[in-house]
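Everything in the sequence shown is counted per our numbering, starting at 2 for the first residue and increasing by one. Every residue, glycine too, gets a C-beta built ideally from N, C-alpha and C. From a predicted model like this one, the values you see are computed outputs, not experimental measurements.
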Amino acid sequence: MDSETGAKITGRVLMPTGGIEVTCDDMKVETRSDGSYEFSEVKVGRHNVSVQVKSYRKESKTIELSRKDEMVVLDFHLVEASGTANIRGHVYDAETKEPITEGHLSLVLNGPVVADLALMGNKYAEFGKDGYYEFKGLAADIYDIWAVPQGRYVDQKSTVLVGEGDTKCQDFYLEKREEKPQH
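Here it is in structure tokens:
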């Protein structure tokens, strides 16, 4: 340890999960299960600390450490990302092509996600009497959409890529569950 290192940067990412990467210049740490993190042996000087999690806006803070025994607390409160993309469509019976009117769709970010963030970033839409659904104000990304009908149909997943300003149509044609004979 040289005379310029020894300061600490500590804080919390205010989300109920661990495993979120926090960077300080070229150093990286992961948050603990309570969202806390710590960089130790940080050099005196100016540093950029940032957090970026899929489906949330990146947050960065610049701090100046003036003494090697200094400890700075930086907490981050992440805000869900939004955008101008939309995904909409209908849910139909694959055989009859009639709309399915009862159930919901789950919109989930595609790809690797951190622990419980998949649940936090989910969006839901009910499909109405004409089988129509819509997700508005999405950030550009890749999404998995799950059609989850009530009753006798099999759940179905589709993956959709949207860019800023895109409106994509994704219809679902659901198969009926095989009826099991009752004994």
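Can you check which of these residues, 171, 37, 65, 25, is closest to residue 108 by C-alpha distance? Taking the first residue of the sequence shown as 1, we reach residue 108 at position 107. It is 171.
When burial is assigned at 16 or more other CB atoms within 10 Å of the CB, is residue 139 buried or exposed? Walking along the sequence shown from the start, residue 139 turns up at place 138. Label assigned to residue 139: buried.
Once DSSP output is grouped into helix, strand and coil, what is the label at residue 20? The residue you call residue 20 lines up with position 19 of the sequence shown. Here residue 20 carries a coil assignment [DSSP, helix/strand/coil].
Have a look at 70, 104, 36, 158 and flag the residue whose alpha-carbon is nearest the alpha-carbon of residue 79. If you number the sequence shown from 1, residue 79 lands on position 78. It is 36.
Taking residue 11 as part of the beta strand (DSSP E), name the residues at either end of that continuous run. Residue mapping note: residue 11 aligns to position 10 of the sequence shown, counting from 1. That run of the beta strand (DSSP E) goes 6-13.
Helix, strand or coil: which one does DSSP assign to residue 62? Against the sequence shown, residue 62 aligns to sequence position 61. In the structure shown, residue 62 adopts extended strand secondary structure according to DSSP, grouped into three states.
Using a Cβ-Cβ distance cut-off of 8 Å, determine whether residue 67 contacts chain C. Protein chain content of the structure displayed is limited to a single chain, and chain C is not contained in it.
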